[in-house]
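This report refers to the structure that appears directly beneath it.
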Amino acid sequence: MAERAVSSDVGTWTWWITSWLPSWCPTSHSKLKEVEERMLQSIKSKFSKQFVHISNDNKLWTLAFNSGVDCKTPLVLLHGFGGGVGLWTMNLEALFQQRPVYAFDLLGFGQSSRPQFSTDAQVAETQFVESVEEWREKLGLETMILLGHNLGGYLAAAYSLNYPSRVKHLILVEPWGFPERPEPGNQDRPIPVWIKALGDLLSPFNPLAGLRLAGPLGPFLVQTLRPDFKKKFATIFNDNTVTEYIYHLNVQTPSGETAFKNMTIPYGWAKRPMLQRIGLIHSDIPITVIYGSRSSIDGHSGNSIKEMRPNSHVEIIAIRGAGHYVYADQPEDFNHRVLHVCETVS
């Protein structure tokens, strides 16, 4: 009990010390909203935007695309860590031609509410999952094709474990949190000592605390350290819209970010690896795993899922020339592959 109390006190202190940091940063909710609107300007089709209200006065920012074939099972997109609905800008219009498509900011991210999550990894995961279920109930969706990238893939799998009757097909795109952390000495590439030391130094802090601590230098920091984001969306933007969006997404109150930190162990591994549970997902839920051929994410998880589910449909797709942000690196190929998967669902 004493250890749990200490953990709770540390979590509360961390929340307090980081909650005021956005005031040091040149950001606001209105700035995030404005740059997200710029992110979505390339979409010419009509779509709706709304806050979907769930329990505890929380709300989830949602984009809805209805194609006129509302009788088909909708496709629901869950973004990854540090992301938001605007990052799907090169996918949404292509994907909704055959069925309704929804994308929403996960609880604690983007324009959605940013509550204080539990410091317990299992409870925090449950908070995420229940927010997805409440969102589904409020929109009246009977079933879904659930697609998740990165953290969104982990949460999509967790949701499928808890609510199997609501998932017609599970699509995992470069999912985070599936393999267990290898034992020391069993890694293909041992972690350098300096990275371990840096990890130990930063362990009390949220992953993106440095971005907030940079204050007014933050936007320049994103442009300098992540020029790849600008290149990924170069066919749409010739300015810093994308890096501005990434910045404003991640210097608001670090709610989902703190939850993510509490769900990890050093060097980014999940405290509750999904491969330990993936075999428990209902056998009649088909799973498609999509990787980028140039990604640094361990692609062996897809093979492990296939081995653990011998009586289920598991397909593994590698998209050539794509890295971790496969939907932005090769959007046409990604959209085509996802549409092909969706064609198998009525």
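Sequential numbering of the sequence shown, starting at 1, is according to full-length UniProt numbering. All C-beta atoms, glycine included, are put in the ideal place defined by N, C-alpha and C. In this text the structure is predicted, and so the values were computed from the model without any measurement.
From this set, the options, which residue's C-alpha is nearest residue i's C-alpha?
i       : options                            : result
Leu-92  : Phe-334, Pro-164, Ser-346          : Phe-334
Cys-342 : Glu-174, Leu-75, Val-251, Arg-181  : Leu-75
Ile-236 : Ser-30, Ile-285, Pro-26, Met-39    : Met-39
Ile-54  : Ser-113, Gly-321, Gln-252, Gly-153 : Ser-113
Thr-243 : Cys-71, Leu-63, Gly-83             : Gly-83
Asn-311 : Arg-277, Ser-165, Trp-176, Pro-286 : Pro-286
Ser-293 : Asn-303, Glu-174, His-340, Lys-31  : Glu-174
Val-289 : Leu-60, Tyr-154, Leu-249, Lys-49   : Tyr-154
According to DSSP, simplified to helix, strand and coil, what is residue i?
i       : result
Ser-48  : strand
Trp-269 : strand
Leu-40  : coil
Ile-319 : strand
Val-341 : helix
Tyr-163 : coil
Gly-110 : coil
Gly-153 : helix
Val-251 : coil
Gly-292 : strand
Thr-264 : strand
Ser-346 : coil
Tyr-325 : coil
Bridge partners of residue i, per DSSP?
i       : result
His-53  : Lys-59
Ala-64  : Ser-48, Tyr-102
Gly-148 : Leu-78, Leu-172
Thr-89  : DSSP lists no partner for Thr-89.
Val-132 : DSSP, once it has assigned bridges, lists no residue as partnering Val-132.
Ile-287 : Leu-170, Val-314
Residue i and residue j look like a contact to me (Cβ under 8 angstroms); what is the Cβ gap, rounded to whole Å?
i       : j       : result
Pro-115 : Ser-28  : Between Ser-28 and Pro-115 the Cβ distance is about 19 angstroms, and since that is not below 8 angstroms, they are no contact.
Gly-215 : Trp-24  : 5 angstroms
Arg-309 : Gly-279 : 6 angstroms
Tyr-247 : Pro-227 : With a Cβ gap of about 13 angstroms, Tyr-247 and Pro-227 do not count as contacting.
Lys-168 : Val-52  : With a Cβ gap of about 21 angstroms, Lys-168 and Val-52 do not count as contacting.
Go through its chain and collect everything with a Cβ distance to residue i's Cβ below 6 angstroms, but skip five positions before and after it.
i       : result
Tyr-159 : Val-129, Val-132
Ser-118 : Ala-124
Val-6   : With a pLDDT of only 40 at Val-6, under 50, the local geometry of the prediction cannot be trusted, and the value read off the model is given with reservation. Once the five neighbours on either side are set aside, Val-6 has no close Cβ partner at all.
Ser-346 : none
Please return the same chain residues whose Cβ sits closer than 8 angstroms to the Cβ of residue i, not counting the five positions on each side in sequence.
i      : result
Thr-89 : Met-39, Leu-40, Ser-42, Ile-43, Phe-233, Ile-236
Does the beta carbon of residue i sit closer than 9 angstroms to a beta carbon anywhere in chain D?
i       : result
Pro-227 : Checking the listed chains, one finds no chain D in this structure; it contains a single protein chain.
Looking only at its chain, what residues have a beta carbon closer than 7 angstroms to the beta carbon of residue i, apart from the 5 residues adjacent to it on each side?
i       : result
Asp-298 : Pro-179
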